[in-house]
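> Residue numbers (my numbering): 217 to 470.
C-beta atoms are modelled at their ideal positions from N, C-alpha and C, and glycine is treated no differently.
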């Protein structure tokens, strides 16, 4: 069955891996890569697939509602994988308005454009999906206690040794949101809009909150490539606070 899939932010770090996966795995699908090509977007990441017949690229701003309407309608989009976002905490502190515009208003424009197009079809929302990729940043920091019935993955000795750094609580889908930076606040807001479109209009949506990704094509300002580059060039390594913070890392292709 031929399907038309729109992937936003497809020239970015995670997005380029998702685009490549879909183009190669689903030759009968038409994959539309939509990206504004800001500082973190790089089409060179996709040189190996740019001539594939089931791939096309569109440069556009997701916050432009009329453009989203046109692109979704002209390409007869069946599914959207929404990765386009401003995603650096330090940058969000310096420029929160850009994060609100892209992450909140951009997501809202994309939702509205998809809703209008899908509702205009005879089948309405049947066979459609808006898949919103979010972040674990919306949950805030780990606490020192864990929910009843949730086992700690650490042994007693390891838990005792690393308790101060790790804590024992793990994020669940039912964990309350607790954003503390302009970035996490903007992503939390976009998550709520996606759920609101599902609850209000019956739009088929999915929200996932993954941990930090790393891997090929990652922008140099991110932690792991930054550490690698600094070590190679004998530069100091940036440490936040006392260096006791712990983050989960997920290889991007996983």
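Taking just the CA atoms, how far does residue 251 sit from residue 230?
12 Å
> Give me the Cα-Cα distance between residue 287 and residue 399, rounded to the nearest whole angstrom.
27 Å
> Count the other C-beta atoms from every protein chain shown that fall within 10 angstroms of the C-beta of residue 355, then say buried if there are 16 or more, exposed otherwise.
buried
> My output table needs one value for residue 322: the three-state DSSP class, helix, strand or coil.
helix
> Along the chain, where does the beta strand (DSSP E) that runs through residue 250 open and close?
246 to 251
> Drop a sphere of 10 angstroms on the beta-carbon of residue 445, count the other beta-carbons inside from all chains shown, and report buried for 16 or more, exposed for fewer.
It counts as exposed.
> Are the CB atoms of residue 315 and residue 302 within a distance shorter than 9 Å?
yes
> Expressed to the nearest angstrom, what Euclidean distance is found between the alpha-carbon atoms of residue 470 and residue 351?
15 Å
> Is it the case that the region 318 to 337 contacts the region 401 to 417, given that we only count it when at least three CB pairs across the two stretches are under 8 Å?
yes
> How is residue 348 classed by DSSP in three states: helix, strand or coil?
In the three-state scheme derived from DSSP, where H, G and I count as helix and E and B as strand, residue 348 is classed as strand.
> Cβ of residue 430 within 9 Å of Cβ of residue 440?
Yes, the Cβ-Cβ distance between residue 430 and residue 440 is below 9 Å.
> Check whether the Cβ atoms of residue 464 and residue 428 sit closer than 9 Å, and answer yes or no.
yes
> Between the region 328 to 347 and the region 256 to 271, can you find at least three pairs of beta-carbon atoms closer than 8 Å?
Output reads no: the region 328 to 347 does not touch the region 256 to 271.
> When the Cα of residue 219 is compared with those of 282, 295, 240, which residue comes out closest?
Ranking 282, 295, 240 by Cα distance to residue 219 puts 295 first.
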